[in-house]
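Okay, structure first, notes after.
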Amino acid sequence: MKSINEVKQFIIELLKLFPNNETDLAHIGKAYYYANRYALEDHGTLVSTHSCVKLDYGPGIDDYREIIDDLKDEGRIYKKNRYNIGLKDDKGYEDFVKFPEVVLESIQKAYSTVKDKDFSQLTDETHSFQSYKKAPRYSVIDYSDDIFTKDEINEAKSFLENIPVFKK
58 MKSINEVKQF
68 IIELLKLFPN
78 NETDLAHIGK
88 AYYYANRYAL
98 EDHGTLVSTH
108 SCVKLDYGPG
118 IDDYREIIDD
128 LKDEGRIYKK
138 NRYNIGLKDD
148 KGYEDFVKFP
158 EVVLESIQKA
168 YSTVKDKDFS
178 QLTDETHSFQ
188 SYKKAPRYSV
198 IDYSDDIFTK
208 DEINEAKSFL
218 ENIPVFKK
């Protein structure tokens, strides 16, 4: 449940950055990918451990429709139409989680990356990522494929495989 609350808070924080506190689901999905990637790359953390998955139009939030429906049912957002949502007056609501400053910075950086791009630009850009290319359809995307070189990944795997096991 914690990861779902992190995703809900991510969506709220992201909507606060868009003009009129509104955007479409594609921008939310791509920003989620970027926010997690930037948080991992810059700070060694994630916005949420909730999965980012390979969708036909690029990376997106796993179970995003249910999460959006929950936010709507909770009175936090409204749906303009099938693909666009907006933030309701957020006064009087408690945060689902309190993000550390580094996570908020990563969300801001992700917003800056996606805000001026249209659907086609976002799709073309994200389809070029190694993580997207490697992931089977509707499966989890591994951010490390876009951050680390193959040598760095192999070095880390080798390290993990060779950690001594202490027996009693």
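All residue numbers for the sequence shown refer to this note's numbering, where the first residue is 58 and numbers rise by one.
For glycine and all other residues, C-beta sits at the position ideal for the given N, C-alpha and C.
When the beta-carbon positions are compared, Asp202 and Lys191 come within less than 9 Å of each other. Note that the C-beta distance between Lys166 and Asp99 is below 9 Å. Excluding its 5 nearest sequence neighbours in each direction, Ser108 has C-beta neighbours in its own chain below 6 Å: Asp119 and Val197, listed in chain order. Residue nearest to Val159 within the set Leu97, Asp81, Ile61 and Asn77 is Leu97 (criterion: CA-CA distance). Annotation: the continuous beta strand (DSSP E) that includes Gly143 extends over Asn141 to Leu144. The stretch 68-110 is shown to contain whole alpha helix (DSSP H) runs of 4 or more residues at 82-100, in chain order.
Looking at the DSSP output, Gly132 shares a beta bridge with no other residue.
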